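Participant: Before I ask anything, here is the structure I am working with.
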Amino acid sequence: WALIDGAADPTPEEWGKTTDEERLESGFGSWPGVVEEVKPPNSLLKLYGGAAFQRVMHEFRCATHSIECPTVSREK
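Mapping of the sequence shown onto UniProt numbering: position 58 corresponds to residue 58, and the numbering continues sequentially without gaps.
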């Protein structure tokens with residue numbers, strides 16, 4: 001609504017979300033297959049737009065690197 005009202009620079013405190021708020025609204029809660037909690041940098045800051053996207057991409061990388069995959073034999 002800030003853009004409709006004419007504000008070209010909406011405030012992160014009003015429109016941004018923390019990592020926990022994003023998770024709560026997503027309905028997933030945690031990354032599937034990841035047993036330990038992933039806390040990206042700036043997880044407590046309210047971000048939106050490109051900054052929020054960069055944060056969730058960093059969180060995704062951390063989550064995928066923490067998944068232990070089973071070893072596969074050469075025969076498979």
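Just so you know, even glycine gets a beta-carbon here, dropped at the ideal spot from N, CA and C.
These figures come from a predicted structure and were not determined experimentally.
(1) Specify, as a first and last residue, the run of the alpha helix (DSSP H) that residue 49 falls within.
(2) Verify whether the separation of the beta carbon atoms of residue 30 and residue 37 is less than 9 Å.
(3) Compare the Cα-Cα distances from residue 15 to each of 49, 24, 67, 62 and report the closest residue.
(4) Within 10 Å of its beta-carbon, does residue 19 have 16 or more other beta-carbons around it, so buried, or fewer, so exposed?
(5) I think residue 58 touches residue 40, with their Cβ atoms under 8 Å apart; what is that distance to the nearest whole Å?
Facilitator: The short version:
(1) 49–66
(2) yes
(3) 49
(4) buried
(5) 5 Å
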